[in-house]
Amino acid sequence: MTLVSPEARRDSTTWVTSTPHLQPAGPGGRMPWGTRHARVNTEPWTACGLPAATWKVFWHLPFETTGAQACRGCVDEVLRVRVEGRARG
Ligand SMILES: [Zn+2]
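Per UniProt numbering: the sequence shown = residues 1 to 89.
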């Protein structure tokens with residue numbers, strides 16, 4: 001399921017990390033808890049289509065497609081959009 005509009009996708013080159021919960025406060029500051037999803041800051045949905053309007057957004061953490069905790073659906077979508085952007089030139 002994809003709910004990100006084509007317009008947003010075309011302009012979205014920066015995916016940030018987002019999760020429903022924060023880790024308990026630690027020395028590293030605000031860090032994601034559990035599976036990490038990708039989202040564009042202007043969209044209330046994750047790349048994999050989950051409603052994420054109330055989720056935490058980690059502006060300082062670009063979504064890493066190679067991360068062990070990365071959501072597979074988000075990884076697939078981010079990689080697909082990158083390929084499409086390249087093809088579009
Ligand atoms: Zn996801």
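Quick reminder that beta carbons are idealized off the backbone N, C-alpha and C, glycines included.
Delimiting residues of the beta strand (DSSP E) encompassing Ala-38: From DSSP, the beta strand (DSSP E) with Ala-38 extends over 37–39.
Closer than 7 Å: Leu-61 CB and nearest ligand 1 heavy atom: Answer for Leu-61: no, Cβ out of range of ligand 1.
Short Cβ contact (8 Å threshold) for Thr-19 with Trp-59: Taking 8 Å as the Cβ cut-off, Thr-19 and Trp-59 do not qualify as a contacting pair.
Expected contact under 8 Å - CB spacing of Gly-67 and Arg-36 to nearest Å: So it is a contact: roughly 6 Å between Cβ atoms.
Proximity of Ala-38 and Trp-15 at Cβ, strictly below 8 Å: Their beta carbons are under 8 Å apart, which means Ala-38 touches Trp-15 by this criterion.
Check your reading: residues with Cβ closer than 5 Å to ligand 1 heavy atoms: The answer, residue by residue, is His-37, Thr-46, Cys-48, Cys-71, Gly-73, Cys-74.
Nearest-angstrom Cα separation, counted from Pro-27 out to Asp-76: Rounded to whole angstroms, Asp-76 to Pro-27 spans 32 Å at the Cα level.
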